[in-house]
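This report concerns only the one structure given below.
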Amino acid sequence: MQMPEPDAQLMARKPELVTRLREVLPDDAVIFEEAETRAYECDALTAYRCPPLAAVLPSNTEEVAAVLRICHEMGVPVVPRGAGTSLAGGSLPTADSLILGVARMNEVLDVDYDNRSIRVQTGRTNLSVSGAVEEEEFFYAPDPSSQLACAIAGNIAMNSGGAHCLKYGVTTNNLLGVTMVTMQGDVIEIGGAHLDAAGYDLLGLICGSEGQLGVVTEATLRILRKPEGARPVLMGYDSNEVAGQVVSDIIKAGVLPVAIEFMDRPCIRATEAFAGAGYPDCEALLIVEVEGSDAEIDEQLGVILQIARKHNPVELRESGSAEESAKIWLGRKSAFGAMGQINDYMCLDGTIPVSQLPYVLRRIGEMSKEYGLDVGNVFHAGDGNMHPLILFDANKPGDLELCEAFGADILRLCVEVGGCLTGEHGVGIEKRDLMVDQFAPDDLEIQMAVKDVFDPAWLLNPAKVFPLEASAERRAA
Amino acid sequence: MKPVSESELSEMIVAAEGPFRVVGGDTRPVGRVVDGDVLSTAQMSGVVDYEPGALTLVAQAGTPVSEIKRRLAAEGQRLPFEPMDHRGLLGTSGEPTIGGVVAANVSGPRRVQAGACRDFLLGVRFVDGMGRVLKNGGRVMKNVTGYDLVKLMAGSRGTLGVLTEVSFKVLPTPPSRAVLLIEGLDDTRAVAAMTRALGSPFEVTGAAHMPVGMDGDPVTMIRIEGFTDSVEYRVGRLRDLLSEFGAITVETDPERTAAGWRWVRDVEAFHERAGDVWRYSVKPSDGPALGEALREMGAVAVLYDWGGGLVWALTPQGADMRPAGLRGHATLVRASEETRARLPVFHPEPLAIQKISQGLRDRFDPKGILNPGLMG
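Same order as they appear, the protein sequences are chains A and B.
With our numbering applied, the first sequence corresponds to residues 16 to 492, in that order.
With our numbering applied, the second sequence corresponds to residues 6 to 381, in that order.
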């Protein structure tokens with residue numbers, strides 16, 4: 016992955032930048048010593064690292080605006096950062112850029128149960144938003160697997176999803192309003208606690224724009240009352256085709272599970288060795304979870320189990336208690352850790368039409384042999400959001416490049432069958448150069464034209480999302 | 006002009022000298038009157054792809070909504086956002102198209118629980134003001150590849166491009182439904198009752214209040230949908246939860262419940278009644294005070310959907326019915342051409358937002374030929 020050459024002239028102006036930033040921020044909010052900026056050299060895509068020129072940790076919207084005004088005046092690129100959990104390199108800095116971290120902005124500003132909304136500063140972590148409304152039995156629905164650590168700011172930037180979005184939608188479906196600071200330092204309010212936008216849907220445009228249109232400092236989020244209960248069922252099948260058919264039949268039967276998770280044999284074996292959840296050794300495993308009162312759960316599971324049985328499962332396990340539910344989820348939740356135990360891995364998140372699941376899994380298996388790299392699949396089957404985990408050895412020269420090439424081929428396959436490069440992680444730098452496989456030049460041009468409107472100088476997170484070649488002229492101007 | 010294909014549409018736009026009035030079925034003429042050649046998408050019609058097992062449907066923009074509903078119903082599925090039919094309220098005729106639904110981001114009572122049109126829209130193809138054929142999103146449920154222009158196009162009313170193809174996430178139609186009816190509540194109590202229902206775990210899919218109901222008395226309606234036993238269970242729980250608000254009757258007849266929600270969805274109470282129609286989107290708890298303010302300003306009738314968050318008002322002709330200090334926004338949905346030329350139809354935007362909106366129009370339609378002036 017290439018990054019643009021840093022601007023030496025800008026780097027030479029570091030002392031001036033630091034002095035000006037310290038005029039508008041408390042001393043401890045400006046980080047510029049080389050040993051300390053190293054903490055911001057990468058996010059969860061750890062293969063790529065570069066310490067920034069400096070980093071700032073503002074405490075409120077006004078401070079963010081003041082920082083952006085200075086950077087705009089000096090022409091310093093700004094890389095916004097939530098909790099730094101991006102798997103796509105969304106907050107990877109360049110040597111001439113300023114990291115703007117929102118981690119100190121983690122206050123709950125207002126909880127409004129009557130209007131089913133909460134207003135928070137965006138540095139707050141995803142899980143602690145639910146935590147803030149837990150006592151009244153409410154929750155915030157999008158639940159990325161990094162939810163303990165990841166910040167709402169990053170969730171908004173990447174339009175994060177999670178295991179339960181088949182029923183509850185992703186971030187954009189649960190975001191009601193934002194306070195955003197533009198690169199010029201203007202503070203704008205979009206949306207609020209009401210349900211639909213006036214004028215153009217700028218809220219929808221900003222969500223998922225990977226920190227390239229503005230820095231979101233506060234957000235109004237939709238909260239929901241917790242369901243009375245939830246219960247998973249585990250089923251194992253001899254083939255991916257049959258498991259795919261079961262998913263399709265469940266959906267067609269009119270049941271809307273809150274989650275349908277899928278694991279293939281390599282992944283099942285790895286998690287068994289790691290977590291010992293008692294999964295059957297089979298080709299494909301499904302975990303289907305439904306919600307409601309006990310009677311409602313029984314009713315839905317009745318339909319699901321009937322379908323499951325019709326397809327001759329090698330295992331069918333209904334949870335009878337909270338412990339059994341936890342055990343069913345245990346393997347799935349430790350899947351990434353289990354794969355990481357075996358080796359370094361790269362996690363992709365291409366999405367495909369559900370009907371293409373068996374074909375895509377077969378092709379991935381074939382490619383795995385061609386590349387000589389193992390791959391395990393664990394993913395949200397209800398919505399076709401795949402998570403192939405490719406294993407490689409970071410210490411073996413050439414293995415990372417081989418793994419990246421394999422990953423790129425899988426993502427091209429996703430696009431080829433009618434899907435897309437990324438379902439919930441974002442493009443960042445990781446999938447930037449594959450954008451030409453999904454989009455025609457004009458499709459990219461119109462997206463870049465949108466950035467021109469918000470950030471004409473292309474200073475906000477400029478080296479992300481668009482292939483460097485496609486954005487070169489704009490970044491240079 | 007009625008192009009039959011995306012490429013023909015593109016050629017027409019490239020060759021255009023004057024502005025276009027872009028329409029689907031032309032059943033929702035909301036906004037400032039556009040003086041231009043009519044450009045209709047009606048001839049680009051048909052379902053392109055429908056996978057019931059994947060809950061996805063792709064259709065050309067000119068496809069009649071009725072055709073899409075028919076196709077979905079045959080598989081026991083539906084458009085979850087329950088799009089409103091504007092014909093009765095606006096006195097228009099013709100065939101509403103799916104492109105028109107998207108262009109106006111039209112949703113109905115279920116929006117409060119399921120989401121709006123924009124929430125179920127997975128992908129768009131459109132031709133911009135320079136004749137470029139563009140696509141964004143796709144036909145998969147999770148997609149964060151590049152900017153979400155899908156949302157931007159929803160509700161842009163043909164001012165950023167002419168939609169040619171749209172794809173949706175659809176959902177199964179639950180086999181059973183029930184409506185809890187409470188009579189005689191004033192607006193404040195009604196919103197309190199709806200708030201309690203919507204804040205429960207019982208998945209209310211509609212919450213509306215009519216200060217003057219079908220039979221003349223105030224009625225508050227709360228809808229539950231799902232499997233039969235589940236609906237029955239939740240009705241029981243909601244009855245207990247709402248008992249302090251008065252006597253509750255339950256309607257389960259499919260035709261009567263459907264008619265009742267169509268009445269809410271299409272604002273039938275205002276059909277064939279003189280006056281302008283305004284639509285307000287506010288924080289639900291602000292609804293009753295807004296209703297009161299509107300009556301003081303001369304509104305003849307007010308009604309509430311989305312648990313109080315959507316307020317409709319029938320008002321004297323030509324009056325500016327945006328109360329001072331309104332939090333949320335107001336749209337002048339029905340009024341004479343003269344009124345629509347004089348009063349802003351869409352809510353006036355703060356300067357910074359205005360600049361962004363204009364900037365987007367300048368990029369998508371630099372010649373200013375697609376519904377110019379319609380949205381500002």
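In this text, a Cβ means the ideal position worked out from N, Cα and C, and glycines have one as well.
Within chain B, the residues ASP153, LYS156 have their CB atoms less than 8 Å from the CB of A/CYS222, given in chain order. Under DSSP, A/ASN141 forms no beta bridge with any residue. Contact of A/GLN453 with chain B by beta-carbon distance below 9 Å involves GLY143, THR150, GLY151. Residues of the same chain with a CB within less than 6 Å of the CB of B/SER45, apart from the 5 flanking positions on each side, are LYS7, VAL28 in chain order. Taking CB atoms only, A/TYR215 has a neighbour in chain B less than 8 Å away.
In this structure, the beta-carbon distance from A/VAL117 to A/ALA168 falls below 8 Å. Listed along the chain, the chain A residues whose CB falls inside 7 Å of the CB of B/PHE173 amount to none; the nearest CB is some 13 Å away. Within the region 276-323 of chain A, the complete beta strand (DSSP E) segments at least 3 residues long are 299-306, listed from N- to C-terminus.
The C-beta distance from A/PHE289 to A/GLY391 rounds to 12 Å, too long to meet the 8 Å contact threshold. By the Cβ criterion, the region 363-379 of chain A is in contact with the region 392-409 of chain A, since at least three pairs of Cβ atoms, one from each stretch, lie closer than 8 Å. Looking from the CA of A/SER254, the closest CA among A/ASP216, A/CYS297, A/ARG246 belongs to A/CYS297. At least one CB atom of chain B sits nearer than 8 Å to the CB of A/GLY438. The criterion of a C-beta distance shorter than 8 Å is satisfied by B/GLU11 and B/ARG130.
Cα atoms of B/PRO57 and B/GLU80: separation of roughly 7 Å, rounded to the nearest angstrom.
If you ignore the 5 residues before and after B/ARG75, its C-beta comes within less than 8 Å of no other C-beta in its own chain. Counting of Cβ neighbours within 10 angstroms places A/LYS342 among the buried residues, the total reaching 16 or more. Under the Cβ criterion of 8 Å, A/ASP458 is counted among the residues facing chain B.
With 16 or more neighbouring CB atoms inside 10 Å of its own CB, B/LYS174 falls in the buried class.
A/LEU483: member of the alpha helix (DSSP H) spanning 483-491, first to last residue. For the 8 Å CB-CB criterion, B/TYR152 and A/VAL231 do not form a contact. Under the DSSP assignment, A/ASN255 falls in the alpha helix (DSSP H) whose first and last residues are 255-267. Beta-bridge pairing by DSSP links B/PRO371 to no other residue.
Counting along the chain, A/GLN453 sits inside the alpha helix (DSSP H) bounded by residues 450-453. Note on the region 71-108 of chain B: whole alpha helix (DSSP H) runs with a minimum of 4 residues are 92-95, 103-108, in chain order. Under DSSP, B/GLU170 forms a beta bridge with B/GLN65, B/ARG130. For A/GLN24, the enclosing alpha helix (DSSP H) starts and ends at 23-27.
When DSSP states are grouped into helix, strand and coil, B/SER235 belongs to the helix group. B/TRP311 belongs to the set of residues whose beta carbon lies under 8 Å from a beta carbon in chain A.
Contact fails between the region 177-188 of chain A and the region 90-105 of chain A, because fewer than three Cβ pairs, one in each stretch, are under 8 Å apart. Against B/TYR238, the close residues of chain A are SER308, ALA310, GLU311, in the order they occur along the chain (beta-carbon pairs closer than 7 Å). Going by beta carbons, A/ASP129 and A/PRO21 fall outside the 8 Å limit. For B/LEU139, the chain A residues whose Cβ falls inside 7 Å of its Cβ are ASP457, ASP458, ILE461, in order along the chain. Beyond the five residues adjoining it in sequence on each side, A/HIS326 comes within less than 6 Å, by CB distance, of VAL257, VAL261 in the same chain, given in chain order. Residues of the region 327-341 of chain A with a C-beta less than 9 Å from any C-beta of chain B: none at all.
Straight through space, the alpha carbons of A/TYR63 and A/ALA423 are spaced by roughly 17 Å. The beta carbon of B/SER286 falls within 8 Å of a beta carbon belonging to chain A, placing the residue at that interface.
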